[in-house]
Each structure stands twice: as structure tokens, then as C-alpha cells.
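Q: In this note's numbering, the protein residues as written are 18 to 438. Cβ atoms here follow ideal geometry from the backbone N, Cα and C, with glycine treated the same way. This structure is a prediction, so every number in the text was calculated from the model and none was measured. Encoded as C-alpha cells, here's the structure I'll be asking about.
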Amino acid sequence: MNETTKNEIKHTMTPDKSKSNTKHTAQLWLRSLGPGLVTAALVFGPSKMTITSKLGADYGFQLLWIVVIATFFMIIFTGMTNRIGLSTTKSLLHIIRERWGKGISVAVGLGVFFVATSFQSGNAVGVGISIAEINGTSATPWIILFTIIGIGLLFLKDLYKVLEKLMIVMIVLMLFAFVTTLFFIKPDITGIVDGFIPRIPSESVGLVIAFFASCFSIVGAFYQAYLVQEKRKLRTSPDQHGNSNIIGILLLGFMSAMVMIAAAAVLHADGITVTNALDMAKALEPIFGGYASYIFLLGLFGASFSSLIGNATIGGTLLGDAFGISRALDTKVIRFFIALVMVIGSVIAIVFGKMPLELIVMAQSVTIFLVPFIGIAIYLISSDPRIMGYQVNNTVTKIWGIIGLMILILLAVRNLQELFF
């Protein structure tokens with residue numbers, strides 16, 4: 018056997034390392050998307066679906082453009098917190114405590130905890146009615162059952178892995194439900210395109226503020242840093258540039274747009290008023306049959322259950338970190354705080370039976386008073402080279418960050434006028 022033949026055989030038997038490396042890199046990239054996908058899933062809850070549905074039902078396609086704006090600034094700020102999570106092992110509240118004192122840190126942590134608890138009842142109601150409507154039963158036993166399941170998940174090992182996989186499943190479920198719903202509806206493409214031309218219809222300011230508070234979620238962006246640090250513990254994320262948030266937040270915007278388009282095509286055309294996300298499912302049934310209604314209810318379940326777990330996780334984690342107790346998901350005290358948020362939310366849901374749209378809009382609007390302070394803290398920390406190193410905000414990010422903060426402050430001022438003057 019000559020030397021050439023030996024080399025050919027050796028080349029044939031040697032694995033193609035380039036293909037293997039490419040496959041491995043792709044797998045690592047997919048794993049790195051986890052924190053962004055989790056943030057998207059926990060932000061897209063039933064209250065957000067309700068507000069988005071009402072925007073479509075009341076104003077048709079006219080406010081689609083605000084989805085783009087809110088999604089863009091959510092990408093900017095989750096990018097900041099993503100890079101904070103990569104740049105330091107200290108939590109955001111720990112850094113705030115060092116820079117501005119314990120009082121500010123406690124105020125932010127408690128504020129987020131109370132906001133999370135206030136929305137938890139809406140998540141519990143969403144889970145209950147989505148299943149109850151499918152099988153014609155009371156929502157109460159389903160609220161109890163899925164709260165118990167949610168608390169049960171806290172006892173599993175590696176809670177972050179469980180949270181990440183659960184949220185990915187819920188996002189896939191929501192995407193299936195909403196894309197299929199649009200397939201049934203076949204909305205007007207010309208109307209959709211026209212909806213991306215900026216305008217603010219009269220009397221829509223309150224809902225626009227509530228939508229920005231839910232989609233451009235500074236609380237969700239804040240928690241992104243914690244998710245990235247939990248992910249880093251697993252040593253599986255290759256992302257060292259703070260870009261893993263983009264796909265998840267784009268999905269958040271995409272799902273918001275689909276719900277608004279569906280509401281505009283079905284509810285606005287017939288002048289149907291929205292009081293909760295369930296109205297959309299009920300409106301679909303007489304037009305497209307029970308299957309269309311059930312498919313949308315699956316999307317509502319996905320949004321509700323993901324937020325039931327994720328929202329409670331935010332509240333419980335930041336409560337523990339605010340007092341310097343712990344922030345790790347696998348500690349008993351944090352799991353207890355998470356379970357506490359779930360239980361409180363479920364009790365409120367069962368006692369009151371439902372969360373009316375007015376309360377959802379009010380709760381979302383009130384958060385706008387808290388988020389400018391959180392947004393400023395995120396901006397200042399991510400712009401500090403001593404903390405961030407090479408991950409510090411670049412000039413473009415700083416400019417867009419300032420614009421985002423100005424929007425949050427203006428919305429807070431306008432919200433103050435809407436609520437009290």
C-alpha cells in the first residue's frame with residue numbers, strides 16, 4: 018500500500034471536525050437563548066394578552082406600531098442587564114445596595130415583590146379559566162391544581178433548568194396557538210401594514226401606557242441579569258456578548274402583534290368589547306367553530322402558566338435579595354418566597370373570582386411609577402466601566418438608553434395626569 022493510499026484511507030476514517038464543531042456551536046447557541054426566552058415567557062402573561070386584545074378590539078390595527086417601539090426598547094434594556102449578568106457575579110440589587118444604600122435596594126426589591134404579587138392573581142385566573150372553558154367546569158379547582166403543580170416544581174433539582182425548559186415549552190404552545198388562530202382569521206394585510214404608521218387615537222393613552230408597562234417591562238429586564246447568572250452556574254452558555262436576549266424579546270413582540278391583529282380582525286370588526294382575554298376565545302367560536310376557540314385557549318393557558326411560575330420567581334428572588342438573604346433559585350428560602358407569591362395570588366383569584374380589565378390596566382399603569390427608577394439604575398450600572406469592563410454600554414446603546422428612559426419618565430408623568438387629574 019503506497020503512501021497516497023494510506024493518506025486517503027486515513028482521511029476517510031477521520032471524523033469531519035468542522036461539521037462536529039459547527040453542530041456543537043449551534044447547540045451551545047441554542048442553549049444560550051434560555052434567559053431571553055424565559056424573560057419573554059414570563060412577561061407575556063394573561064394581563065398582557067387582555068390589554069393587547071383590548072387595543073386591537075377598540076382601535077383595530079392602528080396601534081400595531083407601538084409593539085415595534087416597545088419591543089425595540091425592551092431589547093435595549095434586556096441587552097444591558099444581560100451584559101451585567103455576564104460581567105459580574107454580584108446581583109443587580111447587591112450592586113444597587115453598594116452604590117446607593119440598603120434603603121434603595123430594599124425599596125426596589127419590595128416594590129417588585131408587591132408588583133409581582135398583584136399580577137399573580139391575574140395569572141392564576143388565566144390558568145383556571147383557560148382550562149375551565151375547555152371542559153365546562155369551575156375555574157377554582159384548576160387554579161388550586163396548577164398552583165400545587167407550580168409549587169411542586171420548586172422541589173425539583175436544578176430549578177433554573179426546569180424553569181428554562183418549561184418556558185420554552187410554553188412559548189412553543191403559544192406560538193402554535195396564535196399562528197393557528199391567525200390562519201383561521203385570515204386578517205387584512207393592507208390594514209396590518211397601515212397599522213405600523215405611528216398615530217395615537219383619542220382616548221387610547223391609558224391603554225398605550227399599560228401596554229408599554231407590560232411589553233417594555235423594566236422589571237422583566239431587571240430579572241434578566243439574574244437569569245443570566247443562574248445560567249452561568251451551569252457553564253453551558255457560550256454567549257459572552259450580551260446578545261442572547263434578542264430572539265426571546267423578538268418572540269415577545271411577535272406574539273403581542275399576533276394577538277392584537279387577531280383582536281382587530283375579529284373583535285373590532287364586530288364592535289365587541291373586551292373585558293378579559295377570554296372574550297377573544299368566545300368571539301372565535303361562533304365564527305370559526307369550537308376548535309378555533311380551544312386553540313386560542315391553549316395559548317391563554319401557555320401565557321398564564323408561564324407567568325404563574327415566572328412572575329412568582331421574580332417576586333420571590335428579588336424579595337430575598339433585597340434583604341441580603343439569598344438570590345439563588347436552589348435555596349430553600351427563595352423557593353419559599355416564590356411559593357408565597359403563588360399562594361397569595363391564587364387566594365386572591367379564588368376569593369374575587371376574576372380580575373376585571375380595569376384592575377389589570379390600573380396595576381400595569383401603576384408599575385410605570387416604579388420602573389423609571391429601576392431603568393435609571395440599570396442604565397448607570399451598565400454604563401460603568403469599572404463594573405462592566407469591555408461589556409460597558411457603547412455610544413449607540415447609551416443614546417437609545419437615554420431615549421428609553423425619557424419615554425418611561427414621560428409615560429409616568431402622563432399616567433399621573435390620567436390617574437389623578
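What's the C-alpha gap between ALA124 and VAL409?
A: On the sequence shown, position 107 is the one that residue 124 refers to. On the sequence shown, position 392 is the one that residue 409 refers to. For the pair ALA124 and VAL409, the Cα-to-Cα distance works out to about 26 angstroms.
Q: List the endpoints of the continuous alpha helix (DSSP H) containing ASN140.
A: By 1-based counting over the sequence shown, the position of residue 140 is 123. Residues 119-152.
Q: Assign VAL409 to one of three DSSP states: helix, strand, or coil.
A: For the purposes of this step, residue 409 is taken as the residue at position 392 of the sequence shown. Reduced to three states, the DSSP call for VAL409 is coil.
Q: Going along the chain, which residues of its own chain have a beta-carbon closer than 7 angstroms to the beta-carbon of HIS28, five neighbours each way excluded?
A: Counted from its first residue, the sequence shown places residue 28 at position 11. Low local confidence applies: a pLDDT of 47 at HIS28 is under 50, so the model's placement there is unreliable, and no value is given.
Q: Helix, strand or coil, according to DSSP, for ALA156 in the structure here?
A: The residue given as residue 156 occupies position 139 in the sequence shown. Coil, per DSSP.
Q: DSSP three-state call for LEU346: helix, strand or coil?
A: Your numbering for residue 346 matches position 329 in the sequence shown. Residue state, collapsed to three classes: coil.
Q: Which first and last residues belong to the alpha helix (DSSP H) in which ARG216 is found?
A: Locating residue 216 in the sequence shown gives position 199, counting from the first residue. ARG216 -> no alpha helix (DSSP H), and no H or E assigned at all.
Q: Under 8 angstroms between the Cβ atoms of LEU110 and ALA329?
A: What you label residue 110 is simply residue 93 of the sequence shown in a count that begins at 1. What you label residue 329 is simply residue 312 of the sequence shown in a count that begins at 1. It is not a contact, given that the beta carbons lie outside the stated cut-off.
Q: Using only the alpha-carbon positions, how far apart do MET187 and ILE168 sit?
A: Reading the sequence shown from its first residue, position 170 is the one you call residue 187. Reading the sequence shown from its first residue, position 151 is the one you call residue 168. Their backbone Cα atoms lie some 17 angstroms apart in a straight line.
Q: Please report the residue range of the alpha helix (DSSP H) in which GLY270 lies.
A: As a working mapping, residue 270 is identified with position 253 in the sequence shown. Element bounds for GLY270: 262-280.
Q: Evaluate contact between the segment 311-328 and the segment 282-302, counting only Cβ atoms and requiring at least three cross-stretch pairs below 8 angstroms.
A: yes
Q: Any idea what DSSP makes of ILE289, helix, strand or coil?
A: Sequence index remark: in the sequence shown, residue 289 carries index 272 (1-based). Secondary structure of ILE289 (DSSP, three-state): coil.
Q: Is the separation between the beta-carbon of GLY333 and that of SER138 shorter than 8 angstroms?
A: To locate residue 333, count along the sequence shown from 1; it is residue 316. To locate residue 138, count along the sequence shown from 1; it is residue 121. Their beta carbons are not under 8 angstroms apart, which means GLY333 does not touch SER138 by this criterion.
Q: To the nearest angstrom, how far is the alpha carbon of LEU45 from that of ALA282?
A: If you number the sequence shown from 1, residue 45 lands on position 28. If you number the sequence shown from 1, residue 282 lands on position 265. Any reading at LEU45 must be qualified, since the residue scores a pLDDT of 47, below 50, and its modelled position is unreliable; the value itself is stated next. Answer to the nearest angstrom: the Cα atoms are 40 angstroms apart.
Q: If you draw a straight line from the C-alpha of ILE365 to the C-alpha of TYR407, how long is it?
A: Your numbering for residue 365 matches position 348 in the sequence shown. Your numbering for residue 407 matches position 390 in the sequence shown. Distance from the CA of ILE365 to the CA of TYR407, rounded to the nearest whole angstrom, comes to 46 angstroms.
Q: To the nearest angstrom, report how far apart MET359 and THR164 are at their CA atoms.
A: Counting from one through the sequence shown, the residue named residue 359 turns up at place 342. Counting from one through the sequence shown, the residue named residue 164 turns up at place 147. When rounded, the distance between both Cα atoms is 6 angstroms.
Q: Among SER147, GLU220 and ALA274, which residue has its Cα nearest to the Cα of GLY212?
A: Counted from its first residue, the sequence shown places residue 212 at position 195. Minimum Cα distance to GLY212 is reached at ALA274.
Q: Which of helix, strand or coil does DSSP assign to GLN79?
A: The sequence position of residue 79 within the sequence shown is 62, counting from 1. Three-state DSSP puts GLN79 in coil, outside helix and strand.
Q: Using a 10 Å radius around the Cβ and a threshold of 16 neighbouring Cβ atoms, would you call GLN434 buried or exposed?
A: Residue numbering aside, residue 434 sits at position 417 when the sequence shown is read from its first letter. Exposed, since its Cβ has fewer than 16 Cβ neighbours within 10 Å.
Q: Taking 8 angstroms as the limit between beta carbons, can you name the residues of its chain near LEU422, skipping five residues before and five after?
A: As a working mapping, residue 422 is identified with position 405 in the sequence shown. Closer than 8 angstroms at Cβ, skipping near neighbours: PRO389, GLY392, ILE393 and TYR396.
Q: So, helix, strand or coil for PHE354, using DSSP?
A: Here residue 354 refers to the residue found at position 337 of the sequence shown. Helix at PHE354.
Q: Buried or exposed: which applies to GLY120, given that a residue is buried once 16 or more other Cβ atoms fall within 10 Å of its Cβ?
A: Position 103 of the sequence shown, counted from the first residue, corresponds to residue 120. Label assigned to GLY120: exposed.
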